[in-house]
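Engineer: Just dropping this structure here.
There are 2 protein chains.
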Amino acid sequence: MSFCSLYPALLVTSPWSCSENHLGSCRKQLMFCVSRRKARRGAWTGVSCSAETRTVVIGLAADSGCGKSTFMRRLTSVLGGVAEPPRGCNAYSNTLVGDATTVICLDDYHALDREERKEKGVTALDPKANNFDLMYEQVRALKSGVAVEKPVYNHVTGRLDPPELIRPPNILFIEGLHPLFDPRIRSLLDLSIYLDISNEVKFAWKIQRDMAERGESLESIKASIKARKSDFDMYIDPQKQYADVIIEVLPTRLIPDKGATEVLRVRLVMKEGVKHFTPVYLFDEGSTISWTPCGGKLSCSYPGIRFFYGPDTYFCDEASVLEMDGKFDRLDELIYVESHLSNLSTKYYGEVTQQMLKHADFPGSNDGTGLLQTIIGLKIRQLCEQIIAGDSSHGLKRKQLRRCLRLSPV
Amino acid sequence: MSFCSLYPALLVTSPWSCSENHLGSCRKQLMFCVSRRKARRGAWTGVSCSAETRTVVIGLAADSGCGKSTFMRRLTSVLGGVAEPPRGCNAYSNTLVGDATTVICLDDYHALDREERKEKGVTALDPKANNFDLMYEQVRALKSGVAVEKPVYNHVTGRLDPPELIRPPNILFIEGLHPLFDPRIRSLLDLSIYLDISNEVKFAWKIQRDMAERGESLESIKASIKARKSDFDMYIDPQKQYADVIIEVLPTRLIPDKGATEVLRVRLVMKEGVKHFTPVYLFDEGSTISWTPCGGKLSCSYPGIRFFYGPDTYFCDEASVLEMDGKFDRLDELIYVESHLSNLSTKYYGEVTQQMLKHADFPGSNDGTGLLQTIIGLKIRQLCEQIIAGDSSHGLKRKQLRRCLRLSPV
Numbered sequence: 001m002s003f004c005s006l007y008p009a010l011l012v013t014s015p016w017s018c019s020e021n022h023l024g025s026c027r028k029q030l031m032f033c034v035s036r037r038k039a040r041r042g043a044w045t046g047v048s049c050s051a052e053t054r055t056v057v058i059g060l061a062a063d064s065g066c067g068k069s070t071f072m073r074r075l076t077s078v079l080g081g082v083a084e085p086p087r088g089c090n091a092y093s094n095t096l097v098g099d100a101t102t103v104i105c106l107d108d109y110h111a112l113d114r115e116e117r118k119e120k121g122v123t124a125l126d127p128k129a130n131n132f133d134l135m136y137e138q139v140r141a142l143k144s145g146v147a148v149e150k151p152v153y154n155h156v157t158g159r160l161d162p163p164e165l166i167r168p169p170n171i172l173f174i175e176g177l178h179p180l181f182d183p184r185i186r187s188l189l190d191l192s193i194y195l196d197i198s199n200e201v202k203f204a205w206k207i208q209r210d211m212a213e214r215g216e217s218l219e220s221i222k223a224s225i226k227a228r229k230s231d232f233d234m235y236i237d238p239q240k241q242y243a244d245v246i247i248e249v250l251p252t253r254l255i256p257d258k259g260a261t262e263v264l265r266v267r268l269v270m271k272e273g274v275k276h277f278t279p280v281y282l283f284d285e286g287s288t289i290s291w292t293p294c295g296g297k298l299s300c301s302y303p304g305i306r307f308f309y310g311p312d313t314y315f316c317d318e319a320s321v322l323e324m325d326g327k328f329d330r331l332d333e334l335i336y337v338e339s340h341l342s343n344l345s346t347k348y349y350g351e352v353t354q355q356m357l358k359h360a361d362f363p364g365s366n367d368g369t370g371l372l373q374t375i376i377g378l379k380i381r382q383l384c385e386q387i388i389a390g391d392s393s394h395g396l397k398r399k400q401l402r403r404c405l406r407l408s409p410v
Numbered sequence: 001m002s003f004c005s006l007y008p009a010l011l012v013t014s015p016w017s018c019s020e021n022h023l024g025s026c027r028k029q030l031m032f033c034v035s036r037r038k039a040r041r042g043a044w045t046g047v048s049c050s051a052e053t054r055t056v057v058i059g060l061a062a063d064s065g066c067g068k069s070t071f072m073r074r075l076t077s078v079l080g081g082v083a084e085p086p087r088g089c090n091a092y093s094n095t096l097v098g099d100a101t102t103v104i105c106l107d108d109y110h111a112l113d114r115e116e117r118k119e120k121g122v123t124a125l126d127p128k129a130n131n132f133d134l135m136y137e138q139v140r141a142l143k144s145g146v147a148v149e150k151p152v153y154n155h156v157t158g159r160l161d162p163p164e165l166i167r168p169p170n171i172l173f174i175e176g177l178h179p180l181f182d183p184r185i186r187s188l189l190d191l192s193i194y195l196d197i198s199n200e201v202k203f204a205w206k207i208q209r210d211m212a213e214r215g216e217s218l219e220s221i222k223a224s225i226k227a228r229k230s231d232f233d234m235y236i237d238p239q240k241q242y243a244d245v246i247i248e249v250l251p252t253r254l255i256p257d258k259g260a261t262e263v264l265r266v267r268l269v270m271k272e273g274v275k276h277f278t279p280v281y282l283f284d285e286g287s288t289i290s291w292t293p294c295g296g297k298l299s300c301s302y303p304g305i306r307f308f309y310g311p312d313t314y315f316c317d318e319a320s321v322l323e324m325d326g327k328f329d330r331l332d333e334l335i336y337v338e339s340h341l342s343n344l345s346t347k348y349y350g351e352v353t354q355q356m357l358k359h360a361d362f363p364g365s366n367d368g369t370g371l372l373q374t375i376i377g378l379k380i381r382q383l384c385e386q387i388i389a390g391d392s393s394h395g396l397k398r399k400q401l402r403r404c405l406r407l408s409p410v
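Chains C and D, in that order, give the protein sequences.
Its first residue numbered 1, the first sequence is counted upward by one per residue in the UniProt record's numbering.
Its first residue numbered 1, the second sequence is counted upward by one per residue in the UniProt record's numbering.
Okay, here's the thing in structure tokens:
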């Protein structure tokens, strides 16, 4: 059996042809690509036939400036190698390609460019500014093992650049503002994640970036947050109810000063009953536990560390929550925390700690953002393995399973 | 080597002779008893020589009406058999004798009888009403393996009855108002326990007993509590600072109504560094953990159950605290809780649960009082074994060790 589909070019709002460079980089993948001539004809394009494959699709929704890129770097590291822009393609490509993963940014599906949004008075958060039909068709194609020519939104010019070829990877991440907005796209996702940064933390991060690094004034930062807030609340935030996994980043509760954001409380909400995803637990599955591990086995300076684990409901779904509040003093001691967590989907004792040590320079490595993102990476690896193993038993080639399993040391 | 001591009768304030019955019951123990003739002479009495033995001495301090007798029944059950008054002795004896344990009540060392206390205007809580010299001498004698003739305070007549012979047991409990008051007696204790019942709970228990069962008025109960409070605060309560183990019984925190006593929060405070006593811990030694075990594995009706474990300080000493707030719905499910507790000093998996089920009809069997008292019983058994094993290596007969170890199934 092989997958083969055609996608009409009229769904695409961006200029629709492969550049010389772009095709150059695709030569090795000719079996996935239609010819440049066909592409130029403009009738049917973004079309290819692949060998028998099955792409696992993960959606990651978050507002901009919420640490998605660090999260993706952690995920792709766990899943195999470094994620980099496709070689030889548009220098402004938003795509990252790793050994087994491809991350596409949904900004590439902007239906209106910056100028047009300005004219019509809509923000990029407004669904009207995005092409969900094309997004759906292309994600569906990739999931079925079909390469596509995806538009590229140039964040510098604010316009659409020539498209780039995306081959179906083992694991496809679609990250951006709206991966969970369209029900058709949601139905394609094997796992959906929502990165939920509280207003206090978002504000603190924006101040740090835009004021300290870009010299913006506090007033202008406040104004830009305010301008986006209404659309964010209307179109972005409600998506979290559909997510399988939610990472909430909140101010600490370890410091009496309410809303202190120099220390973070990070909650991993894991819905029950998600296929191929068994929630992580602390000490005892199904119990409610608050754990302060500080003592002889873990160095903790003020204000210490507190973990929480327990059942909860998220909107109307049952969920398990694992929470970490505080900062690690010494990352190598993390093994002590790791040893009390179960269902981590590690391949060997201490893998979480090793991953954290490997990327100790990433932002959030000493707090719950790094820890819980790393854990999610391991869970996704297992999910991928299980999906492909399942598909394999339904006739897919074992080769892909081996490729996927090879990613992780055993 | 054998122990042999003489204790002057003049230390004894009670009539000092063995009754016919009393001696009758002691016939089997003649090696420990002086003759009746000698006893009647009144010069040296309470004297005997024993074989090489070493009695472990445990002090249990608590106010009256604080559940000491239920505690003692649980302890003696764990330590071997049922504790009963010495056969054939004074029907008003306060002593309980089990296979390996003897419990003596320190009320027997009242220096003033009820009449005299009334005359002098002192309560039984006042040290002046108690003979600490005799208490010390006799506990010291028993600890050294020497039998004594202990006074008997008759709680019905309020006077001293003829003394009873107490042979040195494997484990001697001295329970009452003042086991930790006199520093000489404290120095004899291998373990000291303070049963600390909060005022709210003490009041609720007294109401239940004296009002419901004895028909006393609420006003008279309040008046009697008030009358004792000053002496209690001055002479009884301060002893807890010297205890190795403290059981605090407090109102629940699971119900918003402050001071609710229909559900109890029971805290086991275990000081660090007590010889032969390793504190029990929940999940992870040295951490601070709050655990709500309710869920699929433990039935919990309102208001549920919450455990707490963590390091603390008690007066100026470092301690570990294990706390249980709430009630069990089903005692047989206790095995689930037991499986997450460590350093329980059990001999086999599930021994705590088995002990609790065995005495399901005892007061407090469905809450933390029963659970933590049972655990203390197991810890005392281990302490006894370790002390005797230690002494054994210093020349004591192995026979006693075997007697002690035989108490518990292996």
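Note that beta-carbon positions come from the ideal geometry of N, C-alpha and C, so glycine has one too.
Note that the structure is a prediction, hence the values are computed from the model and not measured.
Would you kindly work out how many angstroms separate the C-alpha atoms of Asp-244/D and Val-148/D, rounded to a whole number?
Structural biologist: Computed Cα separation, rounded: 27 Å.
Engineer: With C-beta atoms as the reference, is Glu-248/D less than 8 Å away from Val-269/D?
Structural biologist: Going by C-beta atoms, Glu-248/D is nearer than 8 Å to Val-269/D.
Engineer: Would you say Thr-278/D faces chain C, with C-beta separation under 8 Å as the test?
Structural biologist: So, not an interface residue.
Engineer: So with CB distances below 9 Å, who are the chain C contacts of Pro-311/D?
Structural biologist: Result: Gly-295.
Engineer: Against Phe-283/C, what residues of chain D qualify as contacts under a CB-to-CB distance less than 8 Å, listed in chain order?
Structural biologist: Simply Phe-283, Asp-284, Ile-289, Trp-291, His-340.
Engineer: Can you tell me which residues form a DSSP beta bridge with Ala-319/D?
Structural biologist: In DSSP, Ala-319/D forms a bridge with Lys-271/D, Asp-312/D.
Engineer: Is residue 474/D buried or exposed, if buried means 16 or more other CB atoms sit within 10 Å of its CB?
Structural biologist: Residue coverage of chain D in this structure runs from 1 to 410, which leaves residue 474/D outside it and unanswerable.
Engineer: For Pro-162/C, which of helix, strand or coil comes out of DSSP?
Structural biologist: Three-state DSSP puts Pro-162/C in a strand.
Engineer: Are the beta-carbon atoms belonging to Lys-271/C and Tyr-314/C less than 8 Å from one another?
Structural biologist: It is a contact, given that the beta carbons lie within the stated cut-off.
Engineer: Can you tell me where the alpha helix (DSSP H) with Asn-199/C in it begins and where it stops?
Structural biologist: Run containing Asn-199/C: 199 to 206, per the alpha helix (DSSP H) assignment.
Engineer: Pull up the distance between the alpha-carbon of Gln-29/D and that of Ala-83/D, whole angstroms please.
Structural biologist: Note that Gln-29/D scores a pLDDT of 31, beneath 50, so its modelled location is shaky; the value from the coordinates is reported in the next line. Each residue's Cα considered, the two are about 18 Å apart.
Engineer: Just to confirm, is the Cβ distance from Gly-377/C to Arg-74/C under 8 Å?
Structural biologist: Contact: yes.
Engineer: What did DSSP end up calling Pro-85/D once you bin it into helix, strand or coil?
Structural biologist: In the structure shown, Pro-85/D sits in coil (DSSP, three-state: anything other than H, G, I, E or B).
Engineer: Restricting to Cα atoms, I'd like to know which of Lys-226/C, Val-122/C, Val-56/C is closest to Val-139/C.
Structural biologist: Among Lys-226/C, Val-122/C, Val-56/C, the Cα nearest to that of Val-139/C is on Val-56/C.
Engineer: Closest by CA to Thr-123/D, which one among Asp-190/D, Met-234/D, Glu-164/D?
Structural biologist: Nearest option by C-alpha distance: Met-234/D.
Engineer: Between the C-alpha atoms of Asp-63/D and Glu-175/D, what's the straight-line distance to the nearest angstrom?
Structural biologist: Whole-angstrom Cα-Cα distance: 10 Å.
Engineer: Taking the DSSP output, what are the residues bridged to Ile-171/C?
Structural biologist: Paired residue(s): Val-56/C, Thr-101/C.
Engineer: Taking Cβ positions, are Ile-305/D and Arg-54/D nearer each other than 8 Å?
Structural biologist: For Ile-305/D and Arg-54/D, no; Cβs fall outside 8 Å.
Engineer: Classify Lys-379/D as buried or exposed, calling it buried when 16 or more other Cβ atoms lie within 10 Å of its own Cβ.
Structural biologist: Answer is buried; the Cβ neighbour count reaches 16.
Engineer: For Lys-128/D, which residues from the same chain have a beta carbon less than 7 Å from its beta carbon, with the 5 sequence-adjacent residues on both sides left out?
Structural biologist: Around Lys-128/D: Val-122.
Engineer: Which partner residues does Glu-248/D have in the DSSP bridge list?
Structural biologist: DSSP, once it has assigned bridges, lists Asp-196/D, Arg-267/D as partnering Glu-248/D.
Engineer: Could you give the residue range of the beta strand (DSSP E) that holds Glu-216/D?
Structural biologist: No beta strand (DSSP E) holds Glu-216/D; DSSP gives it neither H nor E.
Engineer: When the Cα atoms are used, what is the spatial distance from Asn-199/D to Pro-311/C?
Structural biologist: Their backbone Cα atoms lie some 36 Å apart in a straight line.
Engineer: Strictly under 8 Å for the Cβ-Cβ distance: is Val-47/C near chain D by that measure?
Structural biologist: Any reading at Val-47/C needs caution, since the residue's pLDDT is 33, under 50, leaving its predicted position unreliable; the model's value is listed next. It does not: the Cβ of Val-47/C has no partner Cβ on chain D nearer than 8 Å.
Engineer: Could you give the C-beta distance for Lys-206/C and Ile-225/C, rounded to a whole number, given that I count them as a contact under 8 Å?
Structural biologist: Sure, about 7 Å apart at Cβ, within 8 Å.
Engineer: May I have a chain-ordered list of the alpha helix (DSSP H) segments no shorter than 4 residues that lie completely inside the stretch 114 to 145 of chain D?
Structural biologist: Correct list: 114 to 120, 132 to 143.
Engineer: Who are the Cβ neighbours of Phe-308/D in its own chain at under 6 Å, not counting the five residues just before and after it?
Structural biologist: Same-chain partners within the cutoff: Ser-290, Glu-323.
Engineer: In this structure, how does DSSP classify Leu-96/C when only helix, strand and coil are distinguished?
Structural biologist: It is a strand residue.
Engineer: Could you name the residues of the same chain whose beta carbon sits closer than 6 Å to that of Phe-362/C, not counting the 5 residues immediately before and after it, in chain order?
Structural biologist: Excluding sequence neighbours, Phe-362/C sits near Thr-70.
Engineer: In angstroms, rounded to a whole number, what distance separates the CA positions of residue 411/D and Gly-145/D?
Structural biologist: Residue 411/D lies beyond the stretch modelled for chain D, which goes from 1 to 410, so this question has no answer here.
Engineer: Ordered along the chain, which non-local residues of its own chain (more than five positions away) have a Cβ less than 7 Å from that of Gln-386/D?
Structural biologist: The answer, listed in chain order, is His-276.
Engineer: Name the one or two DSSP bridge partners that Thr-346/C has.
Structural biologist: Looking at the DSSP assignment, Thr-346/C forms no beta bridge with any residue, so it has no partner.
Engineer: Drop a sphere of 10 angstroms on the beta-carbon of Arg-167/C, count the other beta-carbons inside from all chains shown, and report buried for 16 or more, exposed for fewer.
Structural biologist: With 16 or more other Cβ atoms within 10 Å, it is buried.
Engineer: From what residue to what residue does the beta strand (DSSP E) around Lys-358/C run?
Structural biologist: That residue, Lys-358/C, is in no beta strand (DSSP E); its alpha helix (DSSP H) goes 351 to 358.
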